[in-house]
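> First, the structure itself, so that you have it in front of you.
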Amino acid sequence: MTSRGVVRSWDVGGMQGVIDSADTPGGSWTSWTSVVVHGFPGLVEGQEVEFEWNQLDEPADGYDFHTVQACPVGEDHTPPGPPGFRAWDIDPDGTVHEVTDLDITDLDDTIAPPDRHPSDRCRHHVEW
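Shown next as structure tokens:
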């Protein structure tokens with residue numbers, strides 16, 4: 319079933335939240351995997367969304383409803399493609415930044431390359 323609702327809560331670190339609507343009393347549990355947006359797959363508290371949901375046979379984590387797909391009202395409902403090709407960095411304050419090739423190549427000494435070939439780690443020269 320499809321409804322219009324409002325995001326009650328969204329935990330950026332846990333990548334999950336709850337959407338409220340008249341059709342889903344108590345809220346519909348929502349995972350990042352059900353969020354249809356271009357960019358970071360998250361929602362914002364108070365955001366109005368259109369969402370497809372299922373009623374569960376038995377409550378899960380305290381919810382009778384599970385979100386199948388959610389999209390902010392007014393945004394394109396076309397799935398953006400596989401999420402595995404993008405990465406994001408989440409700051410402690412919840413700010414999200416997409417990690418790009420530029421970010422990776424601009425790292426200074428945070429990730430140091432190995433001094434030698436990994437296979438050399440097993441070779442030891444011992445003199446008696």
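First residue of the sequence shown? That's 319 in this note's numbering, and the numbers climb one at a time after it. Here a beta-carbon is modelled for each residue, glycine too, at the ideal position from N, C-alpha and C. Keep in mind the model is a prediction, meaning the values are calculated, not measured.
Decide if residue 380 is buried, meaning its Cβ has at least 16 other Cβ atoms within 10 Å, or exposed.
Per the 10 Å Cβ criterion, exposed.
> For residue 368, collect the residues of the same chain with a Cβ closer than 7 Å to its Cβ; drop the 5 residues on either side in sequence, then sort them by chain order.
Within the same chain, residue 368 has close Cβ partners 320, 322, 389, 391.
> Could you check whether residue 335 and residue 348 sit closer than 8 Å to each other, using their CB atoms as the reference points?
Yes, these two residues count as a Cβ contact at 8 Å.
> Could you tell me which residues DSSP pairs with residue 326 in its beta bridges?
Residue 326 pairs with nothing; no bridge assigned.
> Among the residues of its own chain, which have a CB less than 7 Å from the CB of residue 386, if the five just before and after it don't count?
Counting only Cβ-Cβ distances below 7 Å, and skipping sequence neighbours, we find 352, 370, 371, 372.
> Are the Cβ atoms of residue 345 and residue 326 separated by less than 8 Å?
Closer than 8 Å, so yes.
> Do you know offhand how far residue 408's Cα is from residue 341's?
Roughly 32 Å between the two C-alpha positions.
> In this structure, how does DSSP classify residue 385 when only helix, strand and coil are distinguished?
Residue state, collapsed to three classes: strand.
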